[in-house]
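Enquirer: Protein chains in written order, with the working numbering: chain A, 33 to 183; chain B, 33 to 183. The C-beta atom is built at its ideal place from N, Cα and C for all residues, glycine as well. Starting off with a structure, shown below.
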DNA sequence: CAGCAAAAGATACTTGGTCTCATTAAGAGG
DNA sequence: CCTCTTAATGAGACCAAGTATCTTTTGCTG
């Protein structure tokens, strides 16, 4: 497990190096921490885990990682913007409002549907932003369980 | 046209009054300005048009209007949050990246599709946020026209 | 038209992020 | 391995959007 995580951090750094960015020690630290994150996080979360890094460095790294596609931004229900690892290109998130976990939404025909619908409004679609909120399997079954036991 | 706009402002105020909020002169001013807006705007835009109102008052009014469902927040492609009139309940926006206009997306089966897709991920859907970006009919035909004439 | 609560205004503060600029450190070339 | 160049960092000022606090004003009800 630990090995895998480090492998992920390595991978993030490689992505940066491929694009001509240096592998500096702050960046290694950021990559390590991000690779360990299991849910979406804010710049502040990162800062808490990397108190020795300058504020600007954290923000610069985040920006870079978003630009290179390593991270993506997720919009919370209240409008807060968080970050999380983006394993693939364009995708959407199923965000659990209870535990804060998120899964990627795959194999969904939404792009197709959006194209059709916007075309019918005379609209030439170029992009979209979609976030989906609800309860993950674990949280919703935990709910049902507690209903049964408290009843 | 002018008459309609004032009627709209009236209507916004009535919505507030129905919920027990007073009709004060700052609120009347805000309602008037919002009713005249033809695209999404920021608090700063409003402030520019209402220089005599306190900053906090503008923000308080916006918040109130969002809570009462008169306004909705729209997410721009770059992550900026703007406001705009919300004529109906839940809906989505087709935002023109060229002229900044927006249309509401109606008669779309997205909710249904989302429900199915998230259920297949074991996810109990409770809400979502969708914004669609592209070119409106006017802008995309203007583009085509200029291509023709410059060719 | 008096009095009270709601709202407004001024302004300090907070959060998330960018800019500037002097200093440090990758890493390429000798 | 050393040197040099340039990218990157850190510190801290700055900014934008929004909230909190506190005093004054204003709608409204009786």
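Which residues of chain A have a Cβ atom closer than 7 Å to the Cβ of residue 163 of chain B, listed in chain order?
Expert: Near residue 163 of chain B (Cβ distances below 7 Å), the residues of chain A are 160 and 161.
Enquirer: In chain order, which continuous runs of the beta strand (DSSP E) of length 3 or greater are located wholly inside the region 77–115 of chain A?
Expert: Runs of the beta strand (DSSP E) inside the region 77–115 of chain A: 103–107.
Enquirer: How close, in whole Å, do the beta carbons of residue 142 of chain B and residue 66 of chain A come, if the pair is a contact with beta carbons under 8 Å?
Expert: So it is not a contact: roughly 32 Å between Cβ atoms.
Enquirer: Residue 33 of chain A: buried (16+ other C-beta within 10 angstroms of its C-beta) or exposed?
Expert: Note that residue 33 of chain A scores a pLDDT of 45, beneath 50, so its modelled location is shaky; the value from the coordinates is reported in the next line. With fewer than 16 Cβ atoms within 10 Å of its Cβ, residue 33 of chain A is classed as exposed.
Enquirer: Report the residues of the region 136–160 of chain A with a CB closer than 7 Å to any CB of chain B, ordered along the chain.
Expert: 137, 140, 141, 142, 145, 146, 149, 150, 153, 154, 155, 156, 157, 158, 159 and 160
Enquirer: Cβ of residue 34 of chain A less than 8 Å from any chain B Cβ?
Expert: Reliability of the predicted coordinates at residue 34 of chain A is poor, the pLDDT of 44 falling under 50, and the value obtained from them is presented with this limitation in mind. No, because no Cβ of chain B sits closer than 8 Å to the Cβ of residue 34 of chain A.
Enquirer: Could you tell me which residues DSSP pairs with residue 171 of chain B in its beta bridges?
Expert: None, per the DSSP bridge assignment.
Enquirer: Name the chain B residues that come within less than 9 Å of residue 168 of chain A, Cβ to Cβ?
Expert: 153, 154, 155 and 156
Enquirer: Can you give me the start and stop residues for the beta strand (DSSP E) that residue 26 of chain B sits inside?
Expert: Limits of chain B in this structure are 33 at one end and 183 at the other, which puts residue 26 of chain B out of reach.
Enquirer: Can you pull the chain A residues whose beta carbon is under 7 Å from the beta carbon of residue 172 of chain B, in chain order?
Expert: 156
Enquirer: Who are the neighbours of residue 105 of chain B on chain A, taking C-beta pairs under 7 Å?
Expert: 111
Enquirer: Going by DSSP, what residues sit across from residue 160 of chain B in a beta bridge?
Expert: Residue 160 of chain B pairs with A/164.
Enquirer: Taking the alpha carbon of residue 135 of chain B as the reference point, which residue from B/47, B/52, B/70 and B/51 has its own alpha carbon closest?
Expert: B/70
Enquirer: Rounded to whole angstroms, what's the CA-CA distance from residue 83 of chain A to residue 117 of chain A? Just pull it up for me.
Expert: The C-alpha of residue 83 of chain A lies about 21 Å from the C-alpha of residue 117 of chain A.
Enquirer: Could you tell me the alpha carbon to alpha carbon distance between residue 35 of chain B and residue 68 of chain B, rounded to whole angstroms?
Expert: Confidence is the limiting factor: at residue 35 of chain B the pLDDT is only 48, short of 50, which leaves the residue's position unreliable and the question unanswerable from this model.
Enquirer: Leaving aside the five residues before and after residue 85 of chain A along the sequence, list all residues of the same chain whose C-beta is less than 8 Å from its C-beta, in chain order.
Expert: 58, 61, 62 and 79
Enquirer: Report yes or no: is there a C-beta of chain A within less than 8 Å of the C-beta of residue 46 of chain B?
Expert: The beta-carbon of residue 46 of chain B is placed no less than 8 Å from the nearest beta-carbon of chain A.
Enquirer: Is the shortest distance between the beta-carbon of residue 129 of chain B and the beta-carbons of chain A less than 8 Å?
Expert: yes
Enquirer: List, in chain order, every chain B residue whose beta-carbon is nearer than 7 Å to that of residue 126 of chain A.
Expert: Residues of chain B whose Cβ lies closer than 7 Å to the Cβ of residue 126 of chain A are, in chain order, 150, 153 and 155.
Enquirer: Taking Cβ positions, are residue 105 of chain B and residue 111 of chain A nearer each other than 8 Å?
Expert: yes
Enquirer: Residues in the same chain with beta-carbon distance under 6 Å from residue 97 of chain A, minus the five sequence neighbours each way, listed in chain order, please.
Expert: 103
Enquirer: Could you tell me the boundaries of the alpha helix (DSSP H) in which residue 64 of chain B lies?
Expert: 57–68
Enquirer: Measure the CB-CB distance between residue 146 of chain A and residue 129 of chain B and report whether it falls below 8 Å.
Expert: no
Enquirer: DSSP three-state label for residue 178 of chain B, please.
Expert: helix
Enquirer: What is the DSSP secondary structure of residue 138 of chain A, counted as helix, strand or coil?
Expert: coil
Enquirer: Would you report the Cα separation of residue 47 of chain B and residue 178 of chain B, rounded to the nearest angstrom?
Expert: One C-alpha to the other measures close to 45 Å.
Enquirer: Please check the pair residue 172 of chain A and residue 156 of chain B, which I expect to be a contact at CB under 8 Å, by giving their CB distance rounded to whole angstroms.
Expert: 4 Å
Enquirer: Going straight from the alpha carbon of residue 50 of chain B to that of residue 64 of chain B, what length do you get?
Expert: 18 Å
Enquirer: Nearest CA to the CA of residue 13 of chain B: which residue from A/176, A/153 and A/167?
Expert: Because chain B in this structure spans residues 33 to 183, residue 13 of chain B falls outside the shown range and cannot be described.
Enquirer: Return the chain-ordered list of same chain residues with a C-beta closer than 6 Å to the C-beta of residue 90 of chain B, the five sequence neighbours on each side being excluded.
Expert: 75, 78 and 79
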